[in-house]
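Asker: Residue numbering for the sequence shown follows this note's numbering, beginning at 1 and increasing consecutively.
C-beta atoms are modelled at their ideal positions from N, C-alpha and C, and glycine is treated no differently.
Just so you know, these numbers come straight off a predicted model, no measurement behind them.
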Amino acid sequence: MNSIFSAVGSYVDWDVQSLLLFIAVFLITADYFKNRRKASFPPGPWAWPIVGNMFTVDHNRTHESMTQLAEKYGDVYSLRMGREWQVVLNRFEVLKEALVNQGDSLVDRPVVPLLDKTIHGLGVIFSNGHIWKQQRRFALSTLRFFGFGKKSLEPVILDEITFCAKHFSSFKGKPFDPQKIISNIVSNIICSLVFGHRFEYSDEKFMKMIRGFEVGLQLEASLWAQLYNTFPLLMNSLPGPHKTHTQLSNDTKDFIREELKEHKKNFDPSDPRDYIDCYLKEIEMSKGQADSTFDEENLVICVWDLFVAGSETTSTTLRWALLYMAKYPEIQEKVQAEIDRVIGQSREPSMEDRANLPYTDAVIHECMRMGNIVPLSLPHVTIRDIQLGGYTVPKGVTVIPNLTSVLFDKNQWETPFTFNPGHFLNEEGKFVKPAAFIPFSAGKRLCLGETLAKMELFLFFTSFMQQFTFNMPAGVKPMMEPCFGVTLAPHHYEICATLR
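1. Using beta-carbon positions only, say whether Leu-79 and Asn-53 come within less than 8 Å of one another.
2. Smallest Cα separation from Pro-113: which of Ile-386, His-245, Ile-373?
3. For the stretch 362-407, list the beta strand (DSSP E) runs that are entirely contained and at least 3 residues long, ordered along the chain.
4. What beta strand (DSSP E) runs, 3 residues minimum, are completely inside the stretch 256-286?
5. Using DSSP's beta-bridge definition, name the partner residues of Ser-78.
6. DSSP three-state label for Ile-438, please.
7. How is the alpha helix (DSSP H) around Cys-164 delimited, first residue to last?
8. Please classify Lys-96: is it buried, with 16 or more other beta-carbons within 10 angstroms of its beta-carbon, or exposed?
9. Determine the burial state of Phe-337: buried for a count of at least 16 other Cβ atoms within 10 Å of its Cβ, exposed for fewer.
10. Looking at the structure shown, is Thr-244 part of a helix, part of a strand, or coil, going by DSSP?
11. Identify, in the order they occur along the chain, each residue of the same chain with its Cβ nearer than 6 Å to the Cβ of Leu-280, setting aside the five sequence neighbours on each side.
12. Would you call Gly-390 buried or exposed, if buried means 16 or more other Cβ atoms sit within 10 Å of its Cβ?
13. Name the one or two DSSP bridge partners that Ile-495 has.
14. Which residues bound the alpha helix (DSSP H) around Phe-460?
15. Put Asp-108 into one of helix, strand or coil per three-state DSSP.
16. Do Lys-253 and Pro-478 have their beta-carbon atoms positioned less than 8 Å apart in this structure?
17. Is it the case that the Cβ atoms of Phe-431 and Phe-424 are separated by a distance below 8 Å?
18. Report yes or no: is there a C-beta of chain B within less than 8 Å of the C-beta of Val-335?
19. Apart from the five residues just before and just after Ile-185, which ones in its own chain have a Cβ nearer than 6 Å to its Cβ?
20. Contact check, Thr-392 vs Phe-145 under 8 Å by CB: the rounded distance?
Listed below in structure tokens is the structure:
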């Protein structure tokens, strides 16, 4: 009898093993036939079943991995992340063809589950179609009304510089970490436009929100984010950094809602004070209109987007700029000499000085190029079949514009991996901007905050160089290796600011 049960048990075990083996083979075979590359589709590395190329790319240096893959597979190649195909675009000519010449076909953003969990297709950065058009148009017109990119905004920026200079001076030339103060001063500019007021540097709620942006952008480019975006239902039931991202996002929305609540107490539609007031006025005016996308939830997400677009990239660039000046003191001296000759020490810099400070302007642009702040831009998605590089990219495929491949292209830059302000100067020493300088991307999805960022970078950097000399602490070499995220930020560092 025991032998009979044993035989039956062995049969059942073998039957279960056979079933599992059959299921595995079936899934792998089905995955292969469903997701294999067509002959007309861009080539790329072999993809594993189920996970695709998720582990082909180094997610701590994704921009470098993607640039290296282009050397093997060409300027237009494909990767498979889970079940989704991505096409990576490299080099200036290819990006221009895609984002500018065929920009109408790439105007949309893909749905990113980790982000969509919070923004629900709203805002100005990851929205699409009618929502995007209406919200972007409103944001640009409203911010211009309040001085966005205009001379009227200069006093606001210069006032913030005064607060910052006092903070720098308080260390009396001793080492300090500039990240907190730089994040504050840049964020306060967008605060003045959106909230109508600035925040004190000691405001803990404000600082918590700023720190949340930094952590969130790093998480969004991590392997955990890729896993979540590929298997959202599974990942929702598991612990991990994606839970932290959700919490940070909710905290930011709560902060903005508190500001909105305060605004509504003294809201006067006839006298809007800032972006939020204008938006509240627009909500009232568009009530009952079937095509209106204006409501309080969209307002919260739009404000969030404006903070990211108008603060994170600029503050990161400034931190790189100080680091580069400490690393290259001879360049810092040339900048200071030019500022002393053109502006002197008796007045504050103005945007009108820019034309007379070509070397300073060149150094700022080289900081932006070398800093490579948004290395992979933001993703696009095809809304129809398009032809790129001799290949067919079908509708619904995510497209990654690899800005790194453009900003460090040896065919576009004389010394692509060396800090060289000469990239932006002609033989007469006048400032020139090469066509391949596209740190804000290109086309219809060009960064919303570009105009403000350029203005802030010039005034902040010029003021810093006018008032201070920056050096690394004794015996410390600058760490130029970045922290990878949606943005490339320098590691936390300490620097010495000595009054001139």
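Answerer: Inspection of the coordinates gives the following:
1. yes
2. His-245
3. 386-388, 391-393, 398-401
4. none
5. Answer by DSSP bridge pairing, in chain order: Val-87.
6. coil
7. 154-169
8. buried
9. With the sequence shown as reference, residue 337 is identified as Ala, and Phe is not the correct amino acid for it. So Ala-337 ends up on the exposed side.
10. helix
11. Taken in chain order, the residues that qualify are Phe-267.
12. exposed
13. Phe-176
14. 450-467
15. strand
16. no
17. yes
18. Reference to chain B is not applicable here, since this structure consists of a single protein chain.
19. Glu-160, Cys-164
20. In this structure, Thr-392 and Phe-145 do not form a Cβ contact; the two beta carbons are roughly 44 Å apart against a cut-off of 8 Å.
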